[in-house]
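A.B. asks:
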Amino acid sequence: MSHRRTLLLSGLAGLLAAATPAWAEAFPDRPVRLIVPFPPGGSADPIGRILAAAMEKRLGQTMVVENRSGAGGVIGTDAVAKAAPDGYTVGLVGVGSMTVAQNLLPDVPYKAMQDLAPVVLVVGVPQLLVASKASKLTDLPSLLKKARAEPGRLTFGSSGNGNSPHLAMSSLALRTGMELIHVPYRGVAPAITDLMAGRVDLMFADLPALLGPVRDKALVPLALGSAEPSPLLPGVPTLEEVGVTGVNVENWYGVVAPAGTPPDRIAKLQQAILGALQEPDTRERLTQLGVRIIGADAEAFADHLRKETAKWVELIRAAKITIE
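Numbering (mature numbering (1 follows the signal peptide of the UniProt record, and there is no 0)), first residue to last: -24 to -1, 1 to 300.
(1) Just how far apart, CA to CA, sit Leu281 and Thr131?
(2) Roughly how many angstroms separate the alpha carbons of Leu186 and Leu104, rounded to a whole number?
(3) Are the beta-carbon atoms of Asn43 and Val12 separated by less than 7 Å?
(4) Under a Cβ-count criterion, where at least 16 other Cβ atoms within 10 Å of its own Cβ denotes burial, should Glu126 be classed as buried or exposed?
(5) Whole angstroms are fine: how far does the CA of Val96 sit from the CA of Leu(-13)?
(6) So within the region 78 to 128, which uninterrupted beta strand (DSSP E) runs reach at least 3 residues, ignoring any that extend past its ends?
(7) Quick check on this structure: which residue in Glu32, Leu92 and Thr214 has the alpha carbon closest to the alpha carbon of Asp5?
(8) For Thr114, count the other beta carbons within 10 Å of its own beta carbon; 16 or more makes it buried, fewer makes it exposed. Which is it?
(9) Would you mind working out which of Ser135, Ala30 and Leu120 sits nearest Arg129, comparing C-alpha positions?
(10) Taking only runs that begin and end inside the region 26 to 64, name each unbroken alpha helix (DSSP H) of 4 or more residues, in chain order.
(11) Flag this pair as touching only if the region 205 to 217 and the region 19 to 33 have three or more C-beta atom pairs under 8 Å; answer yes or no.
(12) What residue from Arg124, Lys193, Ser73 and Val84 has the CA that sits closest to Leu143's CA?
(13) Whole angstroms are fine: how far does the CA of Gln37 sit from the CA of Glu233?
(14) With distances taken from CA atoms, which of Ser118, Gly188, Asp273 and Leu195 is nearest Gly266?
(15) If you drop the 5 nearest sequence neighbours on each side, which residues of the same chain put their C-beta closer than 7 Å to that of Thr258?
(16) For the beta strand (DSSP E) containing Arg175, name the first residue and the last one.
(17) Is it right to say Ala(-3) is buried, meaning 16 or more other beta carbons lie within 10 angstroms of its own, or is it exposed?
(18) Use the C-beta contact count for Arg293: other C-beta atoms within 10 angstroms, 16 or more gives buried, fewer gives exposed.
(19) Note down the Cα distance separating Ala77 from Glu290, rounded to an integer number of angstroms.
(20) Distance, Cα to Cα, Gln90 vs Asp62?
(21) Shorter than 7 Å from the beta carbon of Met154 to some beta carbon of chain B?
(22) In whole angstroms, give me the CA-to-CA distance for Val84 and Val56.
(23) Closest to Ser111 by C-alpha separation, out of Ala278, Leu171, Asp273 and Ile23, would be which residue?
(24) Would Val223 and Arg151 qualify as a contact pair, given that the criterion is a beta-carbon distance under 7 Å?
(25) Run through DSSP, which three-state label would Arg9 get?
(26) Closest to Arg241 by C-alpha separation, out of Ala149, Lys283 and Ala274, would be which residue?
(27) Under three-state DSSP, which class holds Thr285?
(28) Return helix, strand or coil for Ile299, following the three-state DSSP convention.
(29) Can you name the start and end residues of the alpha helix (DSSP H) that Val159 belongs to?
(30) For Asp21, is the classification buried or exposed, using 16 other Cβ atoms within 10 angstroms of its Cβ as the cut-off for buried?
(31) Which same chain residues, not among the five before or five after Val40, have their C-beta less than 6 Å away from its C-beta?
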């Protein structure tokens, strides 16, 4: 090969390398940030940390978990939506900030289906209905009897307006004709603290957040909002088993990326998450939290978001839920 031809080919290779977009380079080549839009003390934090640890092995990079809480998950979800669409920031989001917020809360700064790209629907999380010991409630029939005898007297806490605990209790109240007073908190941990202290009477929350207090007999389990009972709480019935039908209030968590993230990077993240969810250790750790492993890909997750949005918008209208 002539010296001139060698120079020409070298120059062409250099031009092609320069024209190659940055996102086509090896990914990831630095730490990836996982934003959890809730504080420690709920179920999203341990789920996110278990997932991040398993993803590190498959991506070959550190996963940095960042709790960015506030406004029922909206603040952290907005941080994901506004991050650079390069695959180095993802978020673990739930039903409230993805399917409810824009239909209930004022001035939500992002459009979930436009500003965020689904990656994987990770887990389903049963909602557990519990009562404070001070309330003297022992089961669902005793709750319904007291609520109907004293309408507007019983209070229920939630992790924030428009989050799954708020919607779960609203769905149950609508179905059974109860009139309850909503007391929203900034996260599930302070709500549980006040519930154990008897400052509020009731609460629906993700099962992982309530397992400890229930096992310690600090709270009274009344019923599960999921279709199936939990092996972690033998003897606790589902709502349907105690005669309340049509109330399925399972929460869920999934991973999203900023809209515009390159498809090959979405695919790499999806592959890492789906692979992590097949690892026996990861599955065991998640199962012990009380969650149901789903592992649905981006397309199935997008379809789930559309269906969930329609479901909860219908509830918001039927129950006339508003935020004062």
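We put the beta carbon where it would ideally sit given N, CA and C, even for glycine.
None of the values given here were measured: they were computed from a predicted structure.
C.D. replies: Reading it off the structure:
(1) As a first step, residue 281 must be located in the sequence shown, where it is residue number 305. As a first step, residue 131 must be located in the sequence shown, where it is residue number 155. Between the alpha carbons of Leu281 and Thr131 lies a distance of about 30 Å.
(2) Your numbering for residue 186 matches position 210 in the sequence shown. Your numbering for residue 104 matches position 128 in the sequence shown. Approximately 8 Å, taken between the alpha carbons.
(3) Position 67 of the sequence shown, counted from the first residue, corresponds to residue 43. Position 36 of the sequence shown, counted from the first residue, corresponds to residue 12. Yes, the Cβ-Cβ distance between Asn43 and Val12 is below 7 Å.
(4) Locating residue 126 in the sequence shown gives position 150, where the first residue counts as 1. Flag for Glu126 reads exposed.
(5) Within the sequence shown, residue -13 is the residue found at index 12, counting from 1. Within the sequence shown, residue 96 is the residue found at index 120, counting from 1. The pLDDT assigned to Leu(-13) is 39, lower than 50, so where the model puts this residue is not dependable, and the model offers no usable value.
(6) 92 to 101 and 103 to 108
(7) Counted from its first residue, the sequence shown places residue 5 at position 29. Of Glu32, Leu92 and Thr214, the smallest CA-CA separation from Asp5 is found for Glu32.
(8) One-based indexing of the sequence shown puts residue 114 at position 138. Flag for Thr114 reads exposed.
(9) As a working mapping, residue 129 is identified with position 153 in the sequence shown. Comparing Cα-Cα distances from Arg129 to each of Ser135, Ala30 and Leu120, the minimum goes to Leu120.
(10) Inside the region 26 to 64, DSSP marks whole alpha helix (DSSP H) runs of 4 or more residues at positions 50 to 57, from first to last along the chain.
(11) no
(12) In the sequence shown, residue 143 corresponds to position 167, counting from 1. The shortest Cα separation from Leu143 among Arg124, Lys193, Ser73 and Val84 belongs to Ser73.
(13) Numbered from 1 along the sequence shown, position 257 holds the residue referred to as residue 233. Numbered from 1 along the sequence shown, position 61 holds the residue referred to as residue 37. Correcting the residue type first, residue 233 is Ala in the shown sequence and not Glu. Rounded to the nearest angstrom, the two C-alpha atoms are 17 Å apart.
(14) If you number the sequence shown from 1, residue 266 lands on position 290. Relative to the Cα of Gly266, the nearest Cα in the group Ser118, Gly188, Asp273 and Leu195 belongs to Gly188.
(15) Taking the sequence shown and counting its residues from 1, the one referred to as residue 258 is at position 282. Cβ neighbours of Thr258 beyond the five flanking positions: Ile26, Ala30 and Ala252.
(16) In the sequence shown, residue 175 corresponds to position 199, counting from 1. Careful: Arg175 lies outside any beta strand (DSSP E) and carries neither H nor E.
(17) The residue you call residue -3 lines up with position 22 of the sequence shown. Summary for Ala(-3): the model assigns pLDDT 47, below 50, so the residue's position carries little reliability, and this model does not support an answer.
(18) Counted from its first residue, the sequence shown places residue 293 at position 317. Burial call: exposed.
(19) Indexing the sequence shown from 1 puts residue 77 at position 101. Indexing the sequence shown from 1 puts residue 290 at position 314. Roughly 14 Å between the two C-alpha positions.
(20) The residue you call residue 90 lines up with position 114 of the sequence shown. The residue you call residue 62 lines up with position 86 of the sequence shown. Going by the C-alpha atoms only, they are around 16 Å apart.
(21) Here there is only one protein chain, and chain B is not present.
(22) Looking up residue 84 in the sequence shown gives position 108. Looking up residue 56 in the sequence shown gives position 80. Distance between the alpha carbons of Val84 and Val56 is about 14 Å.
(23) For this step, residue 111 is matched to residue 135 along the sequence shown. It is Leu171 whose Cα lies nearest to the Cα of Ser111.
(24) For the purposes of this step, residue 223 is taken as the residue at position 247 of the sequence shown. For the purposes of this step, residue 151 is taken as the residue at position 175 of the sequence shown. Val223 places its beta carbon less than 7 Å from that of Arg151.
(25) Residue mapping note: residue 9 aligns to position 33 of the sequence shown, counting from 1. Strand.
(26) For the purposes of this step, residue 241 is taken as the residue at position 265 of the sequence shown. Residue Ala274 holds the alpha-carbon nearest to the alpha-carbon of Arg241 among Ala149, Lys283 and Ala274.
(27) Within the sequence shown, the letter at position 309 stands for residue 285. Here Thr285 sits in helix by DSSP.
(28) Within the sequence shown, numbered from 1, the residue matching residue 299 stands at position 323. Note: Ile299 maps to coil in three-state DSSP.
(29) If you number the sequence shown from 1, residue 159 lands on position 183. Segment Ile157 to Pro160 is the beta strand (DSSP E) holding Val159; no alpha helix (DSSP H) there.
(30) For this step, residue 21 is matched to residue 45 along the sequence shown. Label assigned to Asp21: buried.
(31) Along the sequence shown, one-based indexing puts residue 40 at 64. Contacts found: Pro7 and Arg9.
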